[in-house]
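K.L.:
Quick one: the structure is below, questions incoming.
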Amino acid sequence: MSDNQNLLAEQRRALILDEVRRRGGVRVNELTRRLNVSDMTVRRDLDALARQGVVEKVHGGAVPVAPASSHEPGFEVKAGLELGAKEAIARAAARLVVPGSAIALSGGTTTFALAHHLLDVPDLTVVTNSVRVADVFHSASRGAGTAGGTREGAATVVLTGGVRTPSDSLVGPVADQAIASLHFDLLFLGVHGISVEAGLSTPNLAEAETNRRFVRSARRVVVIADHTKWGTVGLSSFATLEDVNTLVTDAGIPEVLRAEISEHLSHLIVAGDPEVAGRPATDGHGENA
Numbered sequence: 002m003s004d005n006q007n008l009l010a011e012q013r014r015a016l017i018l019d020e021v022r023r024r025g026g027v028r029v030n031e032l033t034r035r036l037n038v039s040d041m042t043v044r045r046d047l048d049a050l051a052r053q054g055v056v057e058k059v060h061g062g063a064v065p066v067a068p069a070s071s072h073e074p075g076f077e078v079k080a081g082l083e084l085g086a087k088e089a090i091a092r093a094a095a096r097l098v099v100p101g102s103a104i105a106l107s108g109g110t111t112t113f114a115l116a117h118h119l120l121d122v123p124d125l126t127v128v129t130n131s132v133r134v135a136d137v138f139h140s141a142s143r144g145a146g147t148a149g150g151t152r153e154g155a156a157t158v159v160l161t162g163g164v165r166t167p168s169d170s171l172v173g174p175v176a177d178q179a180i181a182s183l184h185f186d187l188l189f190l191g192v193h194g195i196s197v198e199a200g201l202s203t204p205n206l207a208e209a210e211t212n213r214r215f216v217r218s219a220r221r222v223v224v225i226a227d228h229t230k231w232g233t234v235g236l237s238s239f240a241t242l243e244d245v246n247t248l249v250t251d252a253g254i255p256e257v258l259r260a261e262i263s264e265h266l267s268h269l270i271v272a273g274d275p276e277v278a279g280r281p282a283t284d285g286h287g288e289n290a
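Everything in the sequence shown is counted per our numbering, starting at 2 for the first residue and increasing by one.
Below, the structure is given as C-alpha cells:
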C-alpha cells in the first residue's frame with residue numbers, strides 16, 4: 002500500500018471516529034454513502050478503530066468507547082502513540098520559534114518531541130512544567146559543552162516546581178505561582194482533548210489550573226495536537242478555541258474538521274500536508290503572515 006493510500010485511510014478513519022463520537026454511533030451503510038467507498042472498506046476501517054480501542058463494533062455499525070473523563074494515561078503509554086504524527090507536528094511547530102525568544106512548553110509527549118527540534122535554536126529562554134522537556138535541554142546542554150561546561154547559545158531553562166502527574170508534568174500552587182509571574186512570546190501547549198464545545202481539556206484538575214496560568218501568561222498560544230485528540234473531552238476544560246492563536250496538527254485530520262476548526266481559530270497548520278506546508282504561518286512574534 003502506498004503512502005498516499007495510507008494517508009487517505011488515516012483521514013477516512015479520523016472522519017469516521019468523529020462521526021461516531023458526535024452522533025453516538027454510525028451504521029455501515031451510512032458511511033459507505035457518505036465516504037463513497039465500499040462496504041468492505043468501511044468494515045476494515047471499523048476493525049482498525051476497534052483494535053485501537055476507540056470504537057466498539059455492533060451489528061451493522063459502531064458506537065464510541067468513551068474513556069473515563071478523569072482517566073490520565075502515563076507518559077510511557079502516550080509516548081508510543083501516533084509517533085509519526087507527533088514528529089511531523091514537532092518539526093512544523095519548531096519553525097515558529099526564532100532565536101532569542103522566551104517560550105513556554107507545557108507537559109506532554111508532543112511537547113517532548115518539539116523540545117528535541119529546538120535544541121539548535123540559539124539563546125532561547127524556555128519555561129516548562131515538564132520534567133521530560135527540561136531533561137532534553139539539560140542533557141543537550143551538558144553533553145555538548147567543553148570540559149563539562151554549557152555549550153554556547155544553549156537554552157536557559159526554568160523548570161517550575163509542583164506536584165508530579167502521571168504524564169510527568171509539575172502542577173499545583175507552586176507551579177501556578179511561578180508561571181503567573183512570567184511572560185512568554187509563545188506558549189506551546191499539549192492537550193489531552195480538544196473540541197468545539199469543551200475547548201481544551203485535561204483529566205487532571207490541578208493540571209487544568211496550571212494550563213490556565215500558562216495561557217494567561219502567553220502573548221501567543223500554539224496548541225500542538227495530533228488528529229486523535231479531536232473530539233476527546235477530559236474532566237476539566239481550561240481554555241476555549243478562541244483562546245488559541247494557532248493549532249498545529251497532522252494530515253490525519255479530515256477536511257470537514259479542518260473547515261470546522263478554521264471557523265474558531267485564527268491559524269491552522271497541518272503538518273505533512275503539501276498544500277498547507279508551503280503556506281507562510283507566522284514569524285514567531287507577530288500576527289499571521
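Just so you know, even glycine gets a beta-carbon here, dropped at the ideal spot from N, CA and C. Only a predicted model underlies this, so the values are computations on that prediction, with no experimental measurement involved.
1. Pull up the distance between the alpha-carbon of LEU266 and that of THR157, whole angstroms please.
2. To the nearest angstrom, report how far apart GLU255 and ARG34 are at their CA atoms.
3. When we look at the beta-carbon of GLY25 and count the other beta-carbons within 10 Å, is it buried (16 or more) or exposed?
4. Where VAL98 and GLY62 are concerned, what is the direct C-alpha to C-alpha distance, given to the nearest angstrom?
5. Where does VAL59 fall in DSSP's three states?
6. Could you compute how far the alpha carbon of THR147 sits from the alpha carbon of THR233?
7. State the Cα-Cα distance for the pair HIS303 and ALA272, rounded to the nearest angstrom.
8. Need the endpoints of the alpha helix (DSSP H) that ILE254 sits in, please.
9. Where DSSP assigns a beta bridge to ALA240, which residues make up the other side?
10. Distance check for ILE90 and GLU208, CA to CA, integer angstroms please.
11. Please give the ranges of any beta strand (DSSP E) in the region 165 to 204, keeping only runs that are unbroken, at least 3 residues long and fully inside the region.
12. Hey, out of LEU50, ARG22, VAL27 and ARG133, whose CA is closest to PHE113's CA?
13. Could you please give the first and the last residue of the uninterrupted beta strand (DSSP E) stretch that includes LEU269?
14. Should VAL249 be flagged as near chain D, meaning a C-beta pair shorter than 8 Å?
15. Can you tell me which of the three DSSP states SER131 falls into?
16. For ALA179, I'd like the list of residues in its chain whose CB is within less than 6 Å of its CB, leaving aside the five on either flank, ordered along the chain.
17. I need the DSSP call for VAL38, collapsed to helix, strand or coil.
P.N.:
According to the structure shown:
1. Here residue 266 corresponds to residue number 265 of the sequence shown, with the count starting at 1. Here residue 157 corresponds to residue number 156 of the sequence shown, with the count starting at 1. Between LEU266 and THR157, the C-alpha separation is close to 31 Å.
2. Position 254 of the sequence shown, counting from 1, holds the residue named residue 255. Position 33 of the sequence shown, counting from 1, holds the residue named residue 34. The residue you asked about is not Glu; residue 255 is Pro in the sequence shown. Annotation: PRO255 to ARG34 spans about 17 Å, alpha carbon to alpha carbon.
3. Position 24 of the sequence shown, counting from 1, holds the residue named residue 25. Exposed: under 16 other Cβ atoms inside 10 Å.
4. Position 97 of the sequence shown, counted from the start, is the residue given in the question as residue 98. Position 61 of the sequence shown, counted from the start, is the residue given in the question as residue 62. So the alpha carbons of these two residues sit roughly 45 Å apart.
5. In the sequence shown, the residue the question calls residue 59 occupies position 58. Three-state result, VAL59: strand.
6. As a position in the sequence shown, residue 147 is number 146, starting the count at 1. As a position in the sequence shown, residue 233 is number 232, starting the count at 1. Note on THR147: pLDDT 49, under 50, position unreliable in the model; the coordinate value appears next. About 46 Å.
7. An answer regarding residue 303 cannot be provided, because it is not within the stretch 2 to 290 covered by the chain.
8. As a first step, residue 254 is located in the sequence shown; it is residue number 253 there, counting from the start. Note, ILE254: premise wrong, no alpha helix (DSSP H); not H, not E.
9. On the sequence shown, position 239 is the one that residue 240 refers to. ALA240 is bridged to LEU201.
10. Translated into positions along the sequence shown, residue 208 becomes position 207. Translated into positions along the sequence shown, residue 90 becomes position 89. Rounded to whole angstroms, GLU208 to ILE90 spans 23 Å at the Cα level.
11. Every beta strand (DSSP E) of 3 residues or more that sits fully in the region 165 to 204 is shown, in chain order, as 185 to 190, 194 to 196 and 200 to 203.
12. On the sequence shown, residue 113 is found 112 positions in, with the first residue counted as 1. Comparing Cα positions, the closest option is ARG133.
13. Along the sequence shown, one-based indexing puts residue 269 at 268. In the DSSP assignment, LEU269 falls within the unbroken beta strand (DSSP E) covering 268 to 272.
14. Protein chain content of the structure displayed is limited to a single chain, and chain D is not contained in it.
15. Along the sequence shown, read from residue 1 onward, the residue named residue 131 stands at position 130. Three-state DSSP puts SER131 in a strand.
16. Here residue 179 corresponds to residue number 178 of the sequence shown, with the count starting at 1. Result list for ALA179: THR161, in chain order.
17. Here the question's residue 38 lines up with position 37 in the sequence shown. VAL38 falls in the coil class under three-state DSSP.
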